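Encoded as structure tokens, the structure appears first; notes follow it.
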Amino acid sequence: MSLLAISGLSVGLGGREILRDVALEVGRGEIVALTGESGSGKSMTALAVMGLLPEGAVARGQVRLEGTDLLTQPEEALCRLRGRAMGMIFQEPMTALNPVQTIGDQVAETILIHEGGPRAAARARAAEVLARVGLPGDRVPPSRYPHVLSGGQRQRVGLAMAIALRPGLLIADEPTTALDVTTQAQILALLRDLVADRGMGLLMITHDLAVVGKVADRIVVMEAGRVVESGPARRVMAAPQEPYTRMLFAAARHRVDLPPAPPPVPLLVVEHAVCDYRGGRRLFTHGARVRAVDDVSLTVAKGERVGIVGESGSGKSTLARAILGLAELSAGRITLDGAPVWTGHRPNLAVRRRMQVVFQDPYGSFNPRHRVERIVTEPFHLLDAPPRGAARAAAVARALTDVGLSPEDAERFPHEFSGGQRQRIAIARALITQPDLILFDEAVSALDVSVRAQVLDLVAGLCRRYGLGYLFISHDLTGGRGVTDRGAVMQAGRIVEEGPTEAVFSAPRHAYTRALIAAAPRLPVMEEMAHA
Amino acid sequence: MGAYIAGRLASLVISLAVASVVIFALVEIVPGDPAAYMLGINAAPEAVEALREDLGLDQPKVVRYFDWVAGMLTGDFGTSYTYKAPVAEMVADRIWVSLSLAIYALVLAIAVGIPAGVMAAARRGRAGDVAVMGATQLGIAIPNVWFAMILVFVFAIRLGWFPAGGFPGWEAGAGPALIALTLPAVALALPQAAILARVMRSSLIDMLGEDFIRTARAKGLTRSQVLWRHGLRNALIPVLTILGLQFSFLIAGGIIIEQVFYIPGLGRLIFQAISARDLITVESVVMLLVFAVIVVNFAVDLAYGLIDPRVRLGR
Amino acid sequence: MRGIRIGGTLAGLFVALALISFVWTPWPVDGVDIPNKLLGPSAAHWLGTDHYGRDILSMIMVGARTSIAVAIVAVGIGMGLGIPLGLLAAARAGGLVDEVVMRANDLVFAFPSLVIAILITAVFGASAVNAIIAIGIFNIPVFARLARGAALSLWSRDFILAARVAGKGRTRISVEHILPNIAALMIVQGTIQFSLGILAEAALSYVGLGAQPPVPSWGRMLADAQTMVAIAPHMALFPGLAIVLTVLGLNLLGDGLRDVFDPRLRAVRA
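Top to bottom, those sequences are chains A, B and C. Using my numbering, the first residue of the first sequence is number 1, and each one after it goes up by one. Using my numbering, the first residue of the second sequence is number 533, and each one after it goes up by one. Using my numbering, the first residue of the third sequence is number 848, and each one after it goes up by one.
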């Protein structure tokens, strides 16, 4: 008998069927990865198991945990099972913990709720569990509050709360999505270790197929509320049966067909750039100075595609802002075609009009009250003589056509578009002034893998057509691999390694780069799988 | 926590300093000569001159400001022109009445508003919630002077359960004193209780939507355990801000409600002083009220530190 | 939706009564008619008469003018000064201007507003104009703080960054991108402050520091009624009801508007 057996699970919410006939099993000591793109219903499946579906949702079918059908259990019985027989950790470590309670007390609460007993004993056990998940009391005392911990540490606290009573089943909903790649590797290793150590079953929900490949014994793929394929991890990855699964893996392995780089004529030159910013300002005092960018030099040639990779806090975003003229350098200089981005203490308009940017969040990058036409033409503000009337309409139409949208879309509002389409609108906005350089600031990080592949193809196509050059800024090592000619790795404000992208990947010289590459889960290519 | 308290303390001192300057300046720019203003249009020039000297109006403004502040700090609030009595003494007689009223009303508001808000949040969308929200909508809309008059009409005139006004003093014993203050306190507390209930409800509902509530549910806590152990303490943070503001409303509302019930508190003192053009008394009593409000807000800031470790330990 | 309809109808009714009173009232409000004093509601005097024999319905109609005018101008002062200050502070968040604006705000917030309003009217003389100024001053920090908070959360959004990349300055961005996105919140808060203004005006008039006789005002009608409560409760009942219904209508309207604009908007009732 499996630990967890779901069969015929359907969930309706507000008249819509969001899960249809879902079936999957998790055995003891087994890691099952539940994967799919956003909206596929993978998180809803997990919440249905925990009995934590949103208000008004109705579940039918069977969810058996060690033989007990959870869907027929009354709420009190479910409360006794949660935390004791099944535990769950969530995606957002920053908000998943109670900010006004110490981490020790939050872990001890799991014990007290289910087993009672003296508070001191529960605290002592909580401290042991915290030590087990990598938070030993001498380094991270249980008396700490969540806000002083890092994201990875908080995720460990969440894990400690979930496993304190050694539940048979652990559900992890995107547990590493919000973490840096090195932290991700540590948490994944810890999860695998706990599963092996305690014979727990782990149902891991993740959109990241590379993570799936790294940890899963079995894979369940969902699409639009249904399970489309499931089976042993090795088999599903090597020989997916269903067209949707094949498409998903193909998209994740997708390599963009980038035209060859043009001859090197320097365009953007960053020389010894230093960027400090001040902490919070009070009336009479300034916070401590923080050095975000520390002596960075970088050259981007005309039409060249350069990647910048770094974990959070590496200074890559600050560097991007400095290049765009949004933040002033503390020292050093940045020039475009020989002209400085800043003259005196003012950004140089003549230079700025030759650069544009595409941001990460396809939902936050447009004023929700403006139509696409107004959004896309905003950079015209940089021009001395922006096109008017028919010329303006033609420019909008051309930009929208270039990114695969239709000229009629100009009259619509951003909320009428999907995430991928919005990113196309953002690219259209960046293209409209025909800049020499575009900064892609995590521009595809928030997109589903199939949509990401399409957007990257679009970017490659624009390179072919317009000889577009860009800086591709990403926290994700593999994200920039296929779309850049050269790559730079940033750590703590400095560029620690720079070179042709393939060379950086295949023969990293700096220890940090090597650590990043080792930590990054990689999806094995088909041939490797076949030979294994 | 030390740095936090020091910071709040500095801001307290600055607030008080600015408040005293503003109040002093407001009274200074009274049109014409304050002495003439205080004595009225028919005053003899010699009398005005005598009062000028008496008030120290021949001194430079800066000197008078510092004299006034130094006096307030040492408990000397000046001498009332109309009553020929030290303002400090008149204030001392009345301040306990006003404070008792404000605190009584605050206790009533908390005792009714917080549980009502928690109950409404716990029963969101159901009959209890709708009833509480309807009642608070009305509570906010009713001017408390009018509510006070209704209370007098029903409970004093018709039913005779409570006196229609006046205050026997605490010397008469706690019982009669509390009974005399009950109708005014209820009138004063009504809108505040309604506001507290609404803030409590929306704050708690916000909190119950937070990620850490879902985490706690995943640990096996029941809905009500989650509400009491995790929701409430976090939800109290915005409620505390409102409580601080409310004290200021209770002080201000109190001086008006005192008019309805003929209660000899600071309110009556200040309005009598206004009609008698007794600027020294007005100035000092207003400063005292502002002082009370600023100190309460300081206490609220400290309470934040107790509830929220992010404040206590610095972000 | 229902809130908007009920609230709009109630508030609209009193605005209409105020407007009608400019051309017509059932009885004149400036005459004294002692023989008909303290009459209860009747066919001739729907809401009865006061201690001078004046028609209470007519008094309420004319009094609505005072209340509404005071509240509108006071909200106008608060919005007109508070919103630009808030936008300015947010555009330079963490800068000196921000610091000064926010500290000044904290200070005004810390003052017991009605006490200071009393001081202002006491010093400058009791009049409707001084009441407006006193109430208006305390509306400024409400709007400044709310506008700043809402604007700050917008400033961190990518579309603002995109506008900066397009070379737009802080002022232009504030007007073009920030203001339209916080307008709904400001309107909702405006209705709340409007209702609070009516209550504040009533309180000031009640203690004799608002509109002066012979101009009728709801607050002074309550003050006049107080001594008569035992013999003529209708004198207190009707002006009080007028205040309650107007304020209730405005609050329902504000809540309804908030739900229509965006349920996540956070207006503060302070």
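Glycine included, each C-beta is placed from N, C-alpha and C at the ideal position. Predicted model only: the values in this text are computed from it and were never measured.
* Asked: Per DSSP, what kind of secondary structure is ARG486 of chain A in: helix, strand or coil?
  -> In the first sequence, residue 486 of chain A corresponds to position 486, counting from 1. Note: ARG486 of chain A maps to strand in three-state DSSP.
**Message:** Against ASN1119 of chain C, what residues of chain A qualify as contacts under a CB-to-CB distance less than 8 Å, listed in chain order?
**Reply:** In this structure chain C extends from 848 to 1117, so residue 1119 of chain C is not present and cannot be described.
Item checked: Sequence ranges, beta strand (DSSP E) only - wholly within the region 315 to 401 of chain A, length at least 3 -> You should have 331 to 336, 355 to 358.
message = Buried or exposed, going by whether 16 or more other CB atoms sit within 10 Å of the CB of SER38 of chain A?
response = Translated into the one-based positions of the first sequence, residue 38 of chain A becomes position 38. Looking at its Cβ environment, which holds fewer than 16 other Cβ atoms inside 10 Å, SER38 of chain A is exposed.
Point to revise | Own chain, CB closer than 7 Å to MET1045 of chain C, minus 5 neighbours either side, in chain order | key: By one-based count along the third sequence, residue 1045 of chain C stands at place 198. Per the sequence shown, residue 1045 of chain C should be read as Ile rather than Met. Only SER914, ALA918, ILE1090, THR1093, VAL1094 meet the Cβ criterion.
Practice prompt. Would you mind giving the Cβ-Cβ distance between GLY499 of chain A and GLY307 of chain A, rounded to the nearest angstrom? I have them listed as a contact below 8 Å.
Written response: Along the first sequence, read from residue 1 onward, the residue named residue 499 of chain A stands at position 499. Along the first sequence, read from residue 1 onward, the residue named residue 307 of chain A stands at position 307. 11 Å between Cβ atoms; not a contact.
* Three-state secondary structure (DSSP) at GLY12 of chain A? -> Here residue 12 of chain A refers to the residue found at position 12 of the first sequence. Here GLY12 of chain A sits in strand by DSSP.
Along chain A, in chain order, which residues have C-beta atoms closer than 8 Å to that of GLY752 of chain B? Residue numbering aside, residue 752 of chain B sits at position 220 when the second sequence is read from its first letter. Neighbours of GLY752 of chain B on chain A, chain order: CYS79, ARG80, LEU81, ARG82, GLY83, ARG84, THR110, ILE113, HIS114.
Terminal residues of the alpha helix (DSSP H) in which SER230 of chain A lies: Here residue 230 of chain A is taken as the residue at index 230 of the first sequence, counted from 1. First-last for SER230 of chain A: 226 to 232, but that is the beta strand (DSSP E), not the alpha helix (DSSP H).
| query | Quick one: does HIS531 of chain A have its CB under 7 Å from some CB of chain B? | reply | Working through the first sequence from its first residue, we reach residue 531 of chain A at position 531. Legend: pLDDT at HIS531 of chain A = 47, less than 50; position of this residue unreliable, no value from coordinates given.
Using a cut-off of 9 Å between C-beta atoms, extract the partners of PRO675 of chain B located in chain C.
The residue given as residue 675 of chain B occupies position 143 in the second sequence. At a C-beta separation below 9 Å, PRO675 of chain B has these neighbours in chain C: ILE1045, LEU1046, ALA1049, ALA1050, TYR1053, TRP1065, GLY1066, LEU1069, GLY1087, ILE1090, VAL1091, VAL1094.
Please report whether the beta-carbon of GLU442 of chain A lies at a distance below 7 Å from any beta-carbon of chain C. Within the first sequence, residue 442 of chain A is the residue found at index 442, counting from 1. GLU442 of chain A does not count as touching chain C.
Apart from the five residues just before and just after VAL623 of chain B, which ones in its own chain have a Cβ nearer than 8 Å to its Cβ? What you label residue 623 of chain B is simply residue 91 of the second sequence in a count that begins at 1. Excluding the 5 residues flanking it on each side, VAL623 of chain B has same chain C-beta neighbours closer than 8 Å at PHE609, LEU798, LEU801, SER816, VAL817, LEU820, in chain order.
Handout entry: Endpoints, alpha helix (DSSP H) assigned at THR813 of chain B
Key = Against the second sequence, residue 813 of chain B aligns to sequence position 281. Membership of THR813 of chain B in the alpha helix (DSSP H) is indicated by the continuous run 811 to 839.
message: Quick check on this structure: which residue in B:VAL718, B:VAL644, B:LEU720, B:PRO695 has the alpha carbon closest to the alpha carbon of PRO708 of chain B?
response: Translated into positions along the second sequence, residue 708 of chain B becomes position 176. The shortest C-alpha separation from PRO708 of chain B is found at B:PRO695.
request  = Flag this pair as yes or no: are the beta carbons of GLY925 of chain C and ILE987 of chain C separated by less than 7 Å?
outcome  = To locate residue 925 of chain C, count along the third sequence from 1; it is residue 78. To locate residue 987 of chain C, count along the third sequence from 1; it is residue 140. Yes.
**Request:** Determine which residues share a DSSP beta bridge with GLY201 of chain A and list them.
**Result:** Walking along the first sequence from the start, residue 201 of chain A turns up at place 201. Paired residues: A:LEU169.
- Comparing alpha-carbon positions, which option in A:ARG291, A:ARG494, A:GLY338, A:GLY213 lies nearest SER297 of chain A? To locate residue 297 of chain A, count along the first sequence from 1; it is residue 297. Considering only alpha carbons, the answer is A:ARG494.
- [ ] Following the continuous beta strand (DSSP E) through PRO988 of chain C, name the residue where it begins and the one where it ends.
- [x] Sequence index remark: in the third sequence, residue 988 of chain C carries index 141 (1-based). For PRO988 of chain C, no beta strand (DSSP E) encloses it; the enclosing alpha helix (DSSP H) starts and ends at 975 to 1002.
Problem - Burial state of GLY741 of chain B (16 or more Cβ within 10 Å) - result: Here the question's residue 741 of chain B lines up with position 209 in the second sequence. Its Cβ having fewer than 16 others within 10 Å, GLY741 of chain B is exposed.
Does DSSP put ILE795 of chain B in a helix, in a strand, or in coil? Position 263 of the second sequence, counting from 1, holds the residue named residue 795 of chain B. Residue state, collapsed to three classes: coil.
Can you pull the chain B neighbours of GLY158 of chain A, defined as C-beta to C-beta under 7 Å?
Taking the first residue of the first sequence as position 1, residue 158 of chain A is located at position 158. Ordered by position in chain B, the residues that pass the 7 Å Cβ test against GLY158 of chain A are THR747.
Could you tell me whether any Cβ in chain A is nearer than 7 Å to the Cβ of ARG1011 of chain C?
Stepping through the third sequence from its first residue, residue 1011 of chain C is reached at position 164. Chain A has a Cβ within less than 7 Å of the Cβ of ARG1011 of chain C.
> Closest to PHE985 of chain C by CA distance: which of C:ALA997, C:LEU1001, C:LEU954 is it?
Replying inline: The sequence position of residue 985 of chain C within the third sequence is 138, counting from 1. In terms of Cα proximity to PHE985 of chain C, the closest of C:ALA997, C:LEU1001, C:LEU954 is C:LEU954.
Counted within 10 angstroms of its Cβ, other Cβ atoms place LEU585 of chain B as buried (16 or more) or exposed: Here residue 585 of chain B refers to the residue found at position 53 when the second sequence is read from its first residue. Looking at the sequence provided, one finds Glu at residue 585 of chain B rather than Leu. Exposed, since its Cβ has fewer than 16 Cβ neighbours within 10 Å.
- Query: When burial is assigned at 16 or more other CB atoms within 10 Å of the CB, is MET949 of chain C buried or exposed?
  - Reply: Indexing the third sequence from 1 puts residue 949 of chain C at position 102. Per the 10 Å Cβ criterion, buried.
(message) Quick check: ARG901 of chain C and VAL876 of chain C, are their CB atoms within less than 7 Å of each other?
(response) Translated into positions along the third sequence, residue 901 of chain C becomes position 54. Translated into positions along the third sequence, residue 876 of chain C becomes position 29. The Cβ-Cβ distance between ARG901 of chain C and VAL876 of chain C falls below 7 Å.
Quiz item: Among C:HIS892, C:TRP874, C:THR1074, C:ASN1098, which has the Cα closest to the Cα of PHE685 of chain B?
Solution: Walking along the second sequence from the start, residue 685 of chain B turns up at place 153. Ranking the options by Cα distance to PHE685 of chain B, first place goes to C:THR1074.
*Residues of chain C with CB under 9 Å from ALA551 of chain B, in chain order?*
The sequence position of residue 551 of chain B within the second sequence is 19, counting from 1. For the C-beta of ALA551 of chain B, the chain C residues within less than 9 Å are, from N- to C-terminus, LEU954, ALA957, PHE958.
Just list the alpha helix (DSSP H) runs in the region 662 to 702 of chain B, keeping only unbroken ones of 4 residues or longer that don't cross its boundaries, in chain order.
-> Counting whole runs of 4 or more residues, the region 662 to 702 of chain B contains the alpha helix (DSSP H) stretches 676 to 683.
DSSP three-state label for SER297 of chain A, please.
Residue mapping note: residue 297 of chain A aligns to position 297 of the first sequence, counting from 1. Look at SER297 of chain A here: in three-state DSSP terms it is strand.
Practice problem: Grab the span of the beta strand (DSSP E) containing ASP441 of chain A for me, first residue to last. | Solution: Counted from its first residue, the first sequence places residue 441 of chain A at position 441. Run containing ASP441 of chain A: 437 to 441, per the beta strand (DSSP E) assignment.
> If you draw a straight line from the C-alpha of GLN101 of chain A to the C-alpha of PRO146 of chain A, how long is it?
Replying inline: Translated into positions along the first sequence, residue 101 of chain A becomes position 101. Translated into positions along the first sequence, residue 146 of chain A becomes position 146. GLN101 of chain A and PRO146 of chain A: Cα-Cα distance of roughly 8 Å.
Euclidean distance between Cα positions of LEU860 of chain C and GLY1066 of chain C
As a working note, residue 860 of chain C is residue 13 in the third sequence. As a working note, residue 1066 of chain C is residue 219 in the third sequence. Using only the alpha carbons, I get a separation of about 19 Å.
* Asked: Does any C-beta atom of chain A lie closer than 7 Å to the C-beta of ASP743 of chain B?
  -> Numbered from 1 along the second sequence, position 211 holds the residue referred to as residue 743 of chain B. It does: the Cβ of ASP743 of chain B has a partner Cβ on chain A nearer than 7 Å.
- [ ] Spell out whether any CB of chain B is found under 7 Å from the CB atom of LEU935 of chain C.
- [x] Locating residue 935 of chain C in the third sequence gives position 88, where the first residue counts as 1. No, LEU935 of chain C lies away from the interface with chain B (no Cβ there is under 7 Å from its Cβ).
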